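Residue numbers (my numbering): 181 to 393.
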């Protein structure tokens, strides 16, 4: 998705150097194994892998670290809340009821480990017909927005089901790079700004205690 395929180099103290493209430093377990290798890991192995991503990477000075997590409320989510003093969790869901059930569980889990919820993002919000321009709400309409309101949380943005997003991901050229003035790129920009605003709000509140689990 970022047109990065090589394995990371090591520093003199055996820390991995994150690969960089489009001004973003990236690291993934996918860069450390063969392309067709299967990840068959139990809970402790997940925690060890996440620890490697945090402790054994020479991240340097960052504006913000984004950790893309798998769906659900399992070992990966618990492990990351133990490894890092997280500024917040962003809940991403499609608007359909089944997906929102998992999203609600995610909110409860992060709340239990005292991780603030930055808000909800609705992915694949709608599909706009390229011929008539009318939107089709394939996965339901405004389900994520309504769920956020019910839980008293912020709704920070929506991303449509868009062919150019898929194409950019497959080609390793994000749409915000290939078409920065497009409506979809604007949606990503608005989402990012809303998240930054929420982080700034949280930083003004009292510091959270260190979490020991």
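Ideal Cβ positions, reconstructed from N, Cα and C, are used throughout, including at glycine.
Just so we're clear, the structure is a prediction, and the values are computed from it rather than from any experiment.
Simplified DSSP state of residue 184, which is helix, strand or coil: Assigned with DSSP and collapsed to three states, residue 184 falls in coil, not helix or strand.
Cross-strand partners of residue 196 (DSSP beta bridge): Beta-bridge analysis with DSSP links residue 196 to 190, 237.
Own chain, CB closer than 7 Å to residue 375, minus 5 neighbours either side, in chain order: If we look at residue 375 and ignore the five residues flanking it on each side, its Cβ neighbours are 270, 298, 336.
Nearest-angstrom Cα separation, counted from residue 187 out to residue 262: Looking at the two C-alpha atoms, the distance is approximately 27 Å.
Secondary structure of residue 358, DSSP reduced to three states: The answer is helix: DSSP assigns residue 358 an H, G or I state.
Start-to-end residues for the beta strand (DSSP E) that takes in residue 273: Counting along the chain, the beta strand (DSSP E) containing residue 273 begins and ends at 269 to 273.
Start-to-end residues for the beta strand (DSSP E) that takes in residue 475: An answer regarding residue 475 cannot be provided, because it is not within the stretch 181 to 393 covered by the chain.
Range of the contiguous beta strand (DSSP E) that encloses residue 321: It is not in any beta strand (DSSP E) - residue 321 carries neither H nor E in the DSSP assignment.
Span of the beta strand (DSSP E) around residue 295: Note, residue 295: premise wrong, no beta strand (DSSP E); not H, not E.
Residue interval of the beta strand (DSSP E) (run including residue 353): Unbroken run through residue 353: none, as it is neither H nor E.
Pick from 384, 334, 327, 352 that is closest to residue 201, judged by C-alpha positions: Among 384, 334, 327, 352, the Cα nearest to that of residue 201 belongs to 352.
Per-residue DSSP class, three states only, for residue 260: Looking at residue 260 - three-state DSSP - the assignment turns out to be helix.
Beta carbon proximity, residue 293 to chain D, threshold 8 Å: Among the chains of the structure shown, chain D does not appear; only one protein chain is present.
Start-to-end residues for the alpha helix (DSSP H) that takes in residue 376: Where residue 376 is concerned, the enclosing alpha helix (DSSP H) stretches over 363 to 384.
Reduced DSSP secondary structure (H/G/I, E/B, other) of residue 342: Residue 342 sits in coil when the DSSP states are folded into three classes, being neither helix nor strand.
Rounded separation between residue 345 and residue 238 - CA only: Their Cα atoms are separated by approximately 30 Å.
Rounded C-alpha distance that separates residue 319 from residue 275: Each residue's Cα considered, the two are about 6 Å apart.
Beta-carbon contacts of residue 338 that lie in its chain and below 6 Å, excluding the five residues immediately before and after: Excluding sequence positions up to five before and after residue 338, its CB lies within less than 6 Å of the CB of 302, 305, all in the same chain and listed in chain order.
First through last residue of the beta strand (DSSP E) which encompasses residue 206: Note, residue 206: beta strand (DSSP E), 204 to 206.
Proximity of residue 264 and residue 323 at Cβ, strictly below 8 Å: No. Outside cutoff.
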